[in-house]
Amino acid sequence: MEALSTERFGFFRVASLSGDPRVASVAVLDFGGGRLAETVDGRAPPLPRREKWVINLSTQFGCPVGCPCCDAGGDFRGNLSMDEILAQVRWVRARHPRLADRCKKLKVHFARMGEPSLNDAVPRAAAALPELLPSGGLHCCVASVAPRGRERWFADLLAVKRRHFPGRFQLQFSIQSTDAATRRWFIPVPHLDLSELARLGEAFVEAGDRKVGLNFALAEGSPFDPRLIAERFDPARFLVKLTPLNPTAESVRHHLASLLRTPRQREIEPAARLLAREGFEVIWSVGDGREDRIGSNCGQAVRRLRPWAVLA
Numbered sequence: 039m040e041a042l043s044t045e046r047f048g049f050f051r052v053a054s055l056s057g058d059p060r061v062a063s064v065a066v067l068d069f070g071g072g073r074l075a076e077t078v079d080g081r082a083p084p085l086p087r088r089e090k091w092v093i094n095l096s097t098q099f100g101c102p103v104g105c106p107c108c109d110a111g112g113d114f115r116g117n118l119s120m121d122e123i124l125a126q127v128r129w130v131r132a133r134h135p136r137l138a139d140r141c142k143k144l145k146v147h148f149a150r151m152g153e154p155s156l157n158d159a160v161p162r163a164a165a166a167l168p169e170l171l172p173s174g175g176l177h178c179c180v181a182s183v184a185p186r187g188r189e190r191w192f193a194d195l196l197a198v199k200r201r202h203f204p205g206r207f208q209l210q211f212s213i214q215s216t217d218a219a220t221r222r223w224f225i226p227v228p229h230l231d232l233s234e235l236a237r238l239g240e241a242f243v244e245a246g247d248r249k250v251g252l253n254f255a256l257a258e259g260s261p262f263d264p265r266l267i268a269e270r271f272d273p274a275r276f277l278v279k280l281t282p283l284n285p286t287a288e289s290v291r292h293h294l295a296s297l298l299r300t301p302r303q304r305e306i307e308p309a310a311r312l313l314a315r316e317g318f319e320v321i322w323s324v325g326d327g328r329e330d331r332i333g334s335n336c337g338q339a340v341r342r343l344r345p346w347a348v349l350a
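Laid out in structure tokens, this is it:
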């Protein structure tokens with residue numbers, strides 16, 4: 039584990055620094071007034087950081103969505119400003135001087151604490167990345183549960199993609215299940231249904247662009263019907279990403295067990311083969327087990343600092 043730090047950097051304090059530098063270093067940044075945000079300086083083992091460098095940014099102090107598998111929910115303290123989002127980038131950049139311009143693939147992922155589409159500063163922060171990280175390998179990725187009523191935000195993000203990241207941008211939808219009732223439980227805010235996700239996502243894939251990712255963190259018992267995916271999504275524009283359910287405190291509290299990384303993973307292999315026959319790229323993203331052992335999943339580092347901040 040990395041040592042606790044009280045380093046001051048700009049207008050925040052590094053309240054803690056944990057993890058494994060060979061996998062990911064997770065910083066809790068204290069912006070004052072109880073506003074804590076996690077930032078991740080990550081790698082993609084076994085690749086060295088100069089080959090692939092991953093920076094995960096928080097967009098909210100906590101998260102108002104409250105997914106039952108995520109430790110970032112509870113004690114929501116509002117949105118980060120554009121400057122506060124970019125301060126995270128500057129802090130990670132300072133840890134590796136002059137690496138940005140030499141890194142083959144530098145992926146900035148708006149996917150840590152918070153739902154990015156609920157923060158209007160996110161598209162503007164994304165637009166500022168090329169100046170802050172002048173790298174030919176710079177990629178931008180945004181993960182969202184696609185709440186309802188955020189059409190203007192996605193239109194702004196699309197404009198940023200077209201202007202600054204042609205061919206180097208990926209939108210990811212966190213879906214979790216193909217069953218509407220199960221999705222309502224896993225994503226307890228009004229959100230787009232599968233057909234609406236398909237219409238929204240199609241606009242983000244133009245000539246030379248990366249496909250939109252359909253992310254399923256599958257729990258035992260969660261319906262996963264490949265026929266619904268094939269009916270609603272175009273494999274030329276969408277890929278399917280299967281991931282384990284992270285072993286967070288909230289997952290344990292809600293008695294959720296991951297389907298991946300267990301012997302029961304074989305149960306969804308026929309569904310994955312069907313999707314492949316339909317032309318879909320299917321990614322089994324099981325990750326690095328060390329991420330779980332060091333407690334680097336979303337919200338875990340902040341929760342260690344204030345364990346009382348749990349969902350009701």
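According to this note's numbering, the sequence shown is numbered sequentially starting from 39. The beta carbon of each residue, even a glycine, is placed where N, CA and C say it ideally should be.
Residue range of the unbroken beta strand (DSSP E) whose run includes residue i
{"i": "Ser56", "result": "Phe50 to Asp58"}
{"i": "Leu280", "result": "Phe276 to Thr281"}
{"i": "Thr216", "result": "Taken as a continuous stretch (DSSP letters only), Thr216 belongs to no beta strand (DSSP E), as it is neither H nor E."}
{"i": "Ile93", "result": "Lys90 to Leu95"}
{"i": "Arg81", "result": "Leu74 to Arg81"}
{"i": "Val66", "result": "Ala62 to Asp68"}
{"i": "Leu252", "result": "Val250 to Ala255"}
Spatially closest choice to residue i from the options, by CA coordinates
{"i": "Arg131", "options": "Pro102, Leu95, Phe192 and Asn157", "result": "Leu95"}
{"i": "Ala218", "options": "Leu118, Pro228 and Ser56", "result": "Pro228"}
{"i": "Pro106", "options": "Asn284, Val160, Gly57 and Leu312", "result": "Asn284"}
{"i": "Pro168", "options": "Arg201, Ser182 and Asp247", "result": "Arg201"}
{"i": "Ala62", "options": "Gly72, Gly70, Val92 and Phe49", "result": "Val92"}
{"i": "Ala138", "options": "Phe69, Ser173 and Arg342", "result": "Ser173"}
{"i": "Gly246", "options": "Thr97, Ser260, Arg206 and Leu235", "result": "Arg206"}
{"i": "Arg37", "options": "His134, Phe50, Arg51 and Phe114", "result": "With the chain covering 39 to 350 only, the question about residue 37 has no answer from this structure."}
{"i": "Cys101", "options": "Pro261, Pro185 and Ala295", "result": "Pro185"}
{"i": "Leu209", "options": "Phe262, Val278 and Leu266", "result": "Val278"}
{"i": "Ile123", "options": "Gly187, Phe49, Ser182 and Ser56", "result": "Phe49"}
{"i": "Ile213", "options": "Leu196, Leu195, Glu240 and Ser260", "result": "Ser260"}
{"i": "Val146", "options": "Pro308, Leu195 and His177", "result": "His177"}
{"i": "Cys336", "options": "Phe224, Ala149 and Cys141", "result": "Ala149"}
Sequence-distant residues of its chain with Cβ nearer than 7 Å to residue i (five each side left out)
{"i": "Gln338", "result": "Asp109 and Thr286"}
{"i": "Val348", "result": "Residue placement at Val348 is flagged as unreliable, the pLDDT there being 47, under the threshold of 50; the coordinate-derived value follows with that caveat. Cβ neighbours of Val348 beyond the five flanking positions: Gly112."}
{"i": "Gly72", "result": "Arg115"}
Residues near residue i in its chain [Cβ-Cβ closer than 6 Å; skip 5 each side]
{"i": "Val280", "result": "What sits at residue 280 in the sequence shown is Leu, not Val. Contacts found: Phe254 and Trp322."}
{"i": "Val198", "result": "Pro161, Ala164 and Ala165"}
{"i": "Met120", "result": "Ala159, Arg162 and Ala163"}
Buried versus exposed call for residue i [16 or more other C-beta atoms within 10 Å across all chains shown]
{"i": "Glu351", "result": "Residue 351 lies beyond the residue range present for the chain, which begins at 39 and ends at 350; the question has no answer from this structure."}
{"i": "Thr216", "result": "buried"}
{"i": "Ala193", "result": "exposed"}
{"i": "Gly152", "result": "buried"}
{"i": "Ser289", "result": "buried"}
{"i": "Leu85", "result": "exposed"}
{"i": "Pro282", "result": "buried"}
{"i": "Glu269", "result": "exposed"}
{"i": "Asp79", "result": "buried"}
Contacts around residue i, its chain only, beta-carbon distance under 8 Å, and the 5 residues preceding and following it disregarded
{"i": "Pro226", "result": "Val103, Gly104, Cys105 and Pro106"}
{"i": "Leu343", "result": "Ala53, Ser54, Val66 and Leu74"}
Span of the alpha helix (DSSP H), counted from its first residue to its last, around residue i
{"i": "Phe192", "result": "Glu189 to His202"}
{"i": "Asp121", "result": "Met120 to Arg133"}
{"i": "Ser233", "result": "Leu232 to Glu240"}
{"i": "Val340", "result": "Gln338 to Leu343"}
Beta-carbon separation (whole angstroms), residue i vs residue j, contact threshold 8 Å
{"i": "Ala241", "j": "Leu196", "result": "6 Å"}
Residue i beta carbon near the ligand NAD (any heavy atom closer than 6 Å)
{"i": "Pro84", "result": "By its list of ligands, the structure shown contains no ligand whatsoever, and the ligand NAD lies outside what it can speak to."}
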